[in-house]
Each structure stands twice: as structure tokens, then as C-alpha cells.
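Asks: Counting in UniProt numbering, the sequence shown runs from 1 upward without gaps. Here a beta-carbon is modelled for each residue, glycine too, at the ideal position from N, C-alpha and C. Got a structure for you, questions after.
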Amino acid sequence: MSSKGKGGAAKGGAKGKGGGGGGDDEKLKGCQQVKVRHILCEKQSKLLEAIKSIKEGGKSFSDAAQNYSEDKARQGGSLGWIGRGDMIGAFTERAFNQPVGVMSEPFKTQFGYHVILVEDRK
């Protein structure tokens with residue numbers, strides 16, 4: 001599933017940089033695609049509610065995306081497989097540096113506030 005031209009995080013900014021931290025540096029650098037879910041909210045307070053529902057309320061990331069996200073909600077926040085140049089720079093950088101299965105910290109782009117979950121990489 002291509003993410004170009006769809007949703008709020010479409011390509012439009014600087015391209016992200018490869019690499020990452022910790023012991024997975026080589027795996028992260030060699031990775032060409034990541035399978036990502038995200039929650040996008042215009043207001044930070046709404047995103048924080050979504051995160052709280054996951055961490056404290058036991059909701060799955062997918063369920064929280066359906067309830068809170070303003071983009072891709074019907075797909076449970078799924079963006080599918082994205083490549084390094086498919087999204088805006090800040091989003092790409094986070095996605096390619098985020099460990100699989102670990103929810104990111106919230107971050108802001110020109111589209112709003114995001115939190116992402118990388119499900120796989122190849």
C-alpha cells in the first residue's frame with residue numbers, strides 16, 4: 001500500500017535520514033521499508049488521551065487509532081509499508097529509527113501530533 005498523496009503525512013518535507021541508536025544500528029540502516037501504524041491528532045491533548053487509553057486503558061494501538069486518529073482511522077491507523085522517501089522527513093526519521101513493536105514518543109509535524117508503532121521492517 002503506497003502512502004504517497006494519502007493522509008496527513010504525505011511527502012512534502014525533507015527526506016529522513018537512515019540510522020538509529022543502540023545495537024540495531026546496522027539493521028536500521030539497511031532497512032528499506034517499515035510497516036507502520038500511526039495516530040494523528042490536530043490537538044496534543046487528544047493524542048495524549050489516545051496514548052493514555054493504550055498505556056493505562058489496555059486498548060490496542062489499532063483500537064486507539066480507530067477512536068482517536070483523524071487520519072487512517074478506519075484502517076486502525078495502518079499506513080502499510082512505507083519507503084524512505086514516501087513521507088515527510090520528521091515522520092520518516094521517526095519511523096526508520098523506531099524499534100519494532102515499541103510505540104514512539106509523541107512528535108509534531110505540520111499536520112499535527114503523531115505517535116507511531118512500527119510493526120515490521122524489511
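1) Exposed or buried, residue 105, counting other C-beta atoms within 10 Å across all chains shown (16 or more means buried)?
2) According to DSSP, residue 83 sits in a beta bridge with which residue or residues?
3) Any idea what DSSP makes of residue 53, helix, strand or coil?
4) At which residues does the alpha helix (DSSP H) containing residue 112 begin and terminate?
5) Where does the unbroken alpha helix (DSSP H) through residue 94 begin, and where does it stop?
6) In the structure shown, what three-state DSSP assignment does residue 69 receive?
7) Along the chain, where does the beta strand (DSSP E) that runs through residue 59 open and close?
8) Between 44, 35, 36 and 33, which has its C-alpha nearest residue 109's C-alpha?
9) Whose C-beta lies closer than 6 Å to the C-beta of residue 122 among residues of the same chain, with five residues either side of it excluded?
10) Buried or exposed: which applies to residue 67, given that a residue is buried once 16 or more other Cβ atoms fall within 10 Å of its Cβ?
Replies: In this structure, then:
1) By the 10 Å Cβ count, residue 105 comes out exposed.
2) According to DSSP, residue 83 shares a beta bridge with 33.
3) If DSSP states are grouped into helix, strand and coil, residue 53 belongs with the helices.
4) No alpha helix (DSSP H) contains residue 112, which is instead part of the beta strand (DSSP E) from 112-121.
5) First-last of the alpha helix (DSSP H) with residue 94: 89-97.
6) For residue 69, the secondary structure class from DSSP, reduced to helix, strand or coil, is coil.
7) Counting along the chain, residue 59 falls outside any beta strand (DSSP E), and DSSP gives it neither H nor E.
8) If we check each option's Cα against that of residue 109, 44 comes out closest.
9) Shown here for residue 122: same chain residues with a beta carbon closer than 6 Å to its own, the five before and five after excluded, namely 33 in chain order.
10) If you draw a 10 Å sphere on the C-beta of residue 67, you find fewer than 16 other C-beta atoms in it, and that means exposed.
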